[in-house]
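Report on the following structure.
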Amino acid sequence: MSSNETLVGQTLRELKELLVSWNEPAYRGDQLARWLYRPVASIDEMSNLPVELRDRLAQEMVHHPCMIQTVRQSIDGTRKYLLALGDGQLIESVFIPETDRATVCISTQVGCQMGCTFCATGARGFARNLTAGEIVDQILQVALDVGSIPTNVVYMGMGEPLANFAALLKSIEIINSPWGLNIGIRQITVSTCGLVPGIRRLQEAGLGLTLAVSLHAADDEKRSRIMPINRTFGLDELLQTLHGYVRATNRRITIEYALMAGFNDTKEDARSLIRILKGLLCHVNLIPVNPIQKGIHQRPQSSEVKKFLSWLQRGGLEVSIRKERGGDIEAACGQLKGQWEET
Ligand code: SAH
Ligand code: SF4
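Counting in my numbering, the sequence shown runs from 1349 upward without gaps.
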């Protein structure tokens, strides 16, 4: 299935081109876009399109590239979705309701090539990139299930967004456009393990989204042990790139730091972190690690997490502890692997 054959994932311009090539007036493209990027389950529901056009669309095109296979709900209201793609691959998305917002966490790849040692997605290997349609449709599938379009989108599911750059950019255009999902650019966060060329390209794209960077260690030796990408783009180069990003965009960066007991949670680690982040416009998000395997990368006691937080605060950093959501259904950070055992 090529991405062209799916409707969700096409820009307004592409939809107009398609319909004009079918000898339809261009404004039908506007009408179609309006239906596509609302929670609408079937082409039949697109009531202002002529029946013959609806029939042809249904016959020749795929409407939604993702299909909900299973949903699990956490006691805290978080919902985790296992979605099947056209070729049978499986991905996961997470819906996180809060009092003032509703966030969807979406995937960009089936698996991940980056091999971070603490992450279930990385441990599962890599199959392929998602298309823009498969990225956007995760939000629509969730919206169909919960009844409304979410307010926020975080690219923090399976995969490395900046390793699938073209599809990432196209999906952001569709999510952000008034003719698309119309979610504000400030409500979109892209998280990366630190792909320096991708960060530069994102900077050049000039979008006002929030960039989140998974740091997790404050010296090269430690970071390389848990994040192989650090052997290609070390901390000096990464931090220089982040300073450039802030200068060019004026946007505050989120630094993600997964605390692992006895590995990166000592006073010395806090000191190193304060030193390397000095002068960078950023907010540090501490995530007590979600252990994926027994033995390595254990979660610190909450007293240790608080201690680490206060060291960073005293060092002048802006910092918070990420509230864990959906841990009971393996929907928390790093637990997505696209394979569900029956429970
Ligand atoms: N590939 C991107 C985005 C997906 S991961 C990235 O790495 O940034 C989303 C966040 O969850 C990242 O900060 C990632 O490092 C973190 N994460 C991965 N495994 C984790 C785990 N076991 N516990 C806590 N956070 C984890
Ligand atoms: Fe990939 Fe991110 Fe997991 Fe690393 S943390 S393996 S980059 S999904």
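In this text, a Cβ means the ideal position worked out from N, Cα and C, and glycines have one as well.
Bear in mind that the values here come from a model prediction, so they are computed numbers and not experimental data.
Anyone know if the C-beta pair for V1502 and I1523 falls short of 8 Å? For the purposes of this step, residue 1502 is taken as the residue at position 154 of the sequence shown. For the purposes of this step, residue 1523 is taken as the residue at position 175 of the sequence shown. Taking 8 Å as the cut-off, the beta carbon of V1502 is found no closer than this to the beta carbon of I1523.
Original post:
Do the region 1407 to 1426 and the region 1642 to 1662 make contact, defined as three or more Cβ pairs closer than 8 Å?
Top reply: The way I'd put it, the region 1407 to 1426 doesn't touch the region 1642 to 1662; fewer than three beta-carbon pairs between them come closer than 8 Å.
- Does R1579 get closer than 8 Å to chain B when you measure Cβ to Cβ? Judged by its chain identifiers, the structure shown contains no chain B, having just a single protein chain.
- Message: For a test of the three-state rule: what should DSSP assign to E1690, helix, strand or coil?
- Response: By one-based count along the sequence shown, residue 1690 stands at place 342. Note that E1690 has pLDDT 49, beneath the 50 cutoff, so the model's placement of it is unreliable and the number below is only indicative. It is coil, neither helix nor strand.
### Message
Taking 7 Å as the cut-off, is the beta-carbon of C1414 closer than that to any non-hydrogen atom of ligand 1?
### Response
Walking along the sequence shown from the start, residue 1414 turns up at place 66. It does not: the Cβ of C1414 is nowhere closer than 7 Å to a heavy atom of ligand 1.
**Report entry** Any non-hydrogen atom of ligand 1 within 7 Å of F1513 CB
**Finding:** Working through the sequence shown from its first residue, we reach residue 1513 at position 165. It does not: the Cβ of F1513 is nowhere closer than 7 Å to a heavy atom of ligand 1.
Review point. Any heavy atom of ligand 1 closer than 7 Å to the CB of I1622?
Key: Here the question's residue 1622 lines up with position 274 in the sequence shown. With a cut-off of 7 Å, the C-beta of I1622 is classified as distant from ligand 1, since no heavy atom of the ligand falls inside that distance.
**Report entry** Residues whose Cβ lies closer than 5 Å to any heavy atom of ligand 2, in chain order
**Finding:** Here the list is C1460, M1462, C1464, C1467, T1469, G1470, E1508, C1541.
Next item on the list: Taking D1613 and F1581 to be in contact with their CB atoms under 8 Å, please state how far apart those CB atoms are, rounded to whole angstroms.
Entry: On the sequence shown, position 265 is the one that residue 1613 refers to. On the sequence shown, position 233 is the one that residue 1581 refers to. Taking a contact as a CB-CB distance under 8 Å, the pair D1613 and F1581 does not count as one, their CB atoms being some 24 Å apart.
Check: If you measure from the CB of V1667, is any heavy atom of ligand 1 nearer than 7 Å?
Finding: Position 319 of the sequence shown, counted from the first residue, corresponds to residue 1667. Checking every heavy atom of ligand 1 against the Cβ of V1667, none is found closer than 7 Å.
Could you give the first and the last residue of the continuous alpha helix (DSSP H) run that contains T1597?
Along the sequence shown, read from residue 1 onward, the residue named residue 1597 stands at position 249. Membership of T1597 in the alpha helix (DSSP H) is indicated by the continuous run 1583 to 1597.
Exercise. If you drop the 5 nearest sequence neighbours on each side, which residues of the same chain put their C-beta closer than 7 Å to that of D1568?
Worked result: Position 220 of the sequence shown holds residue 1568. Counting only Cβ-Cβ distances below 7 Å, and skipping sequence neighbours, we find N1578, G1582, L1583.
- prompt: What does a CB cutoff of less than 8 Å around S1650 pick up in its chain, not counting 5 residues either side in sequence?
  reply: Position 302 of the sequence shown, counted from the first residue, corresponds to residue 1650. Within the same chain, S1650 has close Cβ partners P1636.
| Exposed or buried, which one is T1602 when buried takes at least 16 other CB atoms within 10 Å? | For the purposes of this step, residue 1602 is taken as the residue at position 254 of the sequence shown. Label assigned to T1602: buried.
* Quick one: residues in its chain with C-beta nearer than 7 Å to the C-beta of L1492, no 5 flanking neighbours on either side, listed in chain order? => Stepping through the sequence shown from its first residue, residue 1492 is reached at position 144. Here the set comprises P1387, A1389.
So, helix, strand or coil for F1611, using DSSP? Mapped onto the sequence shown, residue 1611 falls at position 263. Looking at F1611 - three-state DSSP - the assignment turns out to be coil, as it is neither helix nor strand.
Review point. Just curious, the beta strand (DSSP E) that Y1429 is in, first and last residue?
Key: Here residue 1429 refers to the residue found at position 81 of the sequence shown. Taken as a continuous stretch (DSSP letters only), the beta strand (DSSP E) holding Y1429 covers 1427 to 1433.
*Using only the heavy atoms of ligand 1, determine whether one of them is closer than 7 Å to the beta carbon of E1569.*
On the sequence shown, residue 1569 is found 221 positions in, with the first residue counted as 1. Not so, every heavy atom of ligand 1 lies at least 7 Å from the Cβ.
According to DSSP, Q1421 sits in a beta bridge with which residue or residues? Position 73 of the sequence shown, counting from 1, holds the residue named residue 1421. Q1421 pairs with R1427.
Next on the checklist: In whole angstroms, give me the CA-to-CA distance for V1410 and L1355.
Outcome noted: What you label residue 1410 is simply residue 62 of the sequence shown in a count that begins at 1. What you label residue 1355 is simply residue 7 of the sequence shown in a count that begins at 1. Linking V1410 to L1355 through their CA atoms gives a straight-line distance of about 6 Å.
*When every heavy atom of ligand 1 is checked, does at least one fall within less than 7 Å of the C-beta of C1681?*
Residue 1681 sits at position 333 when you count from the first residue of the sequence shown. Remark: the C-beta of C1681 is in contact range of ligand 1, defined as less than 7 Å to any heavy atom.
| Nearest-angstrom Cβ-Cβ length linking A1515 and T1469, presumed shorter than 8 Å | Position 167 of the sequence shown, counted from the start, is the residue given in the question as residue 1515. Position 121 of the sequence shown, counted from the start, is the residue given in the question as residue 1469. Rounded, the Cβ-Cβ distance is 17 Å, inconsistent with contact.
**Prompt:** Straight-line CA distance for R1329 to V1544?
**Reply:** The structure shown has nothing for residue 1329, since the chain only spans 1349 to 1691.
key: DSSP-derived helix/strand/coil call for S1519   = The count along the sequence shown starts at 1 and reaches residue 1519 at position 171. For S1519, the three-state secondary structure derived from DSSP is helix.
(message) Let's test the definition: count the other Cβ atoms within 10 Å of the Cβ of T1451 and tell me whether it reaches 16, buried, or not, exposed.
(response) Your numbering for residue 1451 matches position 103 in the sequence shown. With 16 or more other Cβ atoms within 10 Å, it is buried.
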